[in-house]
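J.: There's a structure below that I have some questions on.
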Amino acid sequence: MTESFRDIINDEGEDGWDICWKKGLTPWDYGVPSPALKQLIEEKKFSLPKGRGLVPGCGKGYDVYYLSSDERHVTGIDISQTLIEQVKKEQKELAIPNPNVAFQQGNFFEFTPPVEKFQFIYDYTFLCALPPNLRSKWASRTAELISSGGILIALMFPIGDHSYGPPYALSPKIYQELLGKYFVREYFDENPISFERRKGKEYMSVWRRK
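Each residue of the sequence shown is one higher than the one before, counting from -16 in my numbering.
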């Protein structure tokens, strides 16, 4: 039977993500920024805060590059050392001229953030990758890292009710229960532009830190 990334993660825990990148078992990697994120900023004209941004579980960094600008420094963090080495190597080989991005290997719950808090965090396919028993910890850590008045862009995926994972099923109700203590939801779209295989399984949301 063909080994799946889910088998590896469930057998190896967080070390499984590094194994998947080494083996090239990365079906979540579409090679481009999220269509829903681009729609939010380019079509919906969402005004992204200036300052520092964070993309946890950044993968190859497509969204990190997309969100960065002269006014925004964006850090991508990922648990996989293999992945971060690949990203930095490609960045060097392609001579990508962007001083406003940084990539680091680390655990979202343990890494040392910059002195200044982040003005925004973009979460997509990160919360759903975590075991459900870490969700409350994810919410409090996210709130801890974002400055007062800062923004969490949460592209909810996968919307559903299945019990297996990763990715583990999520819903607007789950997000509200997790984030309501720390954030106010300011934007919600049940029908964003999505990758073909994810249509109907993604909701876009924006939350402001209290």
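Glycine included, each C-beta is placed from N, C-alpha and C at the ideal position.
1. Tell me the rounded alpha-carbon separation between G36 and E54.
2. According to DSSP, simplified to helix, strand and coil, what is L31?
3. Measure the alpha-carbon distance for S188 versus L138 and round it to whole angstroms.
4. Is the separation between the beta-carbon of F109 and that of P32 shorter than 8 Å?
5. Where DSSP assigns a beta bridge to S52, which residues make up the other side?
6. Taking 8 Å as the cut-off, decide whether the C-beta atoms of V98 and V47 are in contact.
7. When DSSP builds the beta bridges, which residues end up paired with L135?
8. Within this structure, are the beta carbons of E(-3) and I62 separated by less than 8 Å?
9. Short of 6 Å in beta carbon distance, which residues of its chain neighbour L8, apart from the five on each side in sequence? Order them along the chain.
10. Inspect the beta-carbon positions of S130 and K100 and report whether they are closer than 8 Å.
11. Taking three-plus beta-carbon pairs below 8 Å as touching, is the region 3 to 23 in contact with the region 171 to 183?
12. Give the straight-line distance between the Cα atoms of G132 and R168, rounded to the nearest whole angstrom.
13. From S146 to F29, what distance separates their C-alpha atoms?
14. Taking the alpha-carbon positions, what's the G183 to I142 distance?
15. Closer than 7 Å by C-beta to E26: which residues in its own chain qualify, once you throw out the five before and the five after it? Chain order, please.
16. Specify the secondary structure class of D144 as computed by DSSP and reduced to three states.
17. Considering only DSSP beta bridges, list what L153 is partnered with.
18. Starting from Q64, trace the alpha helix (DSSP H) both ways and give me its first and last residue.
T.: The short version:
1. Sequence index remark: in the sequence shown, residue 36 carries index 53 (1-based). Sequence index remark: in the sequence shown, residue 54 carries index 71 (1-based). Straight-line Cα distance between these residues: approximately 11 Å.
2. Residue 31 sits at position 48 when you count from the first residue of the sequence shown. L31 falls in the coil class under three-state DSSP.
3. Position 205 of the sequence shown holds residue 188. Position 155 of the sequence shown holds residue 138. One C-alpha to the other measures close to 6 Å.
4. Against the sequence shown, residue 109 aligns to sequence position 126. Against the sequence shown, residue 32 aligns to sequence position 49. Not a contact, by the Cβ cut-off of 8 Å.
5. Taking the sequence shown and counting its residues from 1, the one referred to as residue 52 is at position 69. Paired residue(s): R55.
6. Here residue 98 is taken as the residue at index 115 of the sequence shown, counted from 1. Here residue 47 is taken as the residue at index 64 of the sequence shown, counted from 1. No. Outside cutoff.
7. On the sequence shown, residue 135 is found 152 positions in, with the first residue counted as 1. According to DSSP, which records beta bridges pairwise, L135 is partnered with I104 and W190.
8. Along the sequence shown, read from residue 1 onward, the residue named residue -3 stands at position 14. Along the sequence shown, read from residue 1 onward, the residue named residue 62 stands at position 79. A contact, by the Cβ cut-off of 8 Å.
9. Here residue 8 corresponds to residue number 25 of the sequence shown, with the count starting at 1. Hits under 6 Å: F(-12).
10. Locating residue 130 in the sequence shown gives position 147, counting from the first residue. Locating residue 100 in the sequence shown gives position 117, counting from the first residue. Yes, the Cβ-Cβ distance between S130 and K100 is below 8 Å.
11. yes
12. The residue given as residue 132 occupies position 149 in the sequence shown. The residue given as residue 168 occupies position 185 in the sequence shown. Going by the C-alpha atoms only, they are around 12 Å apart.
13. In the sequence shown, residue 146 corresponds to position 163, counting from 1. In the sequence shown, residue 29 corresponds to position 46, counting from 1. For S146 and F29, the distance between alpha carbons rounds to 34 Å.
14. Within the sequence shown, numbered from 1, the residue matching residue 183 stands at position 200. Within the sequence shown, numbered from 1, the residue matching residue 142 stands at position 159. Using only the alpha carbons, I get a separation of about 8 Å.
15. Counting from one through the sequence shown, the residue named residue 26 turns up at place 43. For E26, where only same-chain residues beyond five positions count, there are no Cβ hits under 7 Å.
16. Reading the sequence shown from its first residue, position 161 is the one you call residue 144. It is coil, neither helix nor strand.
17. Start at 1 with the first residue of the sequence shown, and residue 153 comes out as number 170. Beta-bridge pairing links L153 to I142.
18. Translated into the one-based positions of the sequence shown, residue 64 becomes position 81. Per DSSP, Q64 belongs to the alpha helix (DSSP H) from Q64 to E76.
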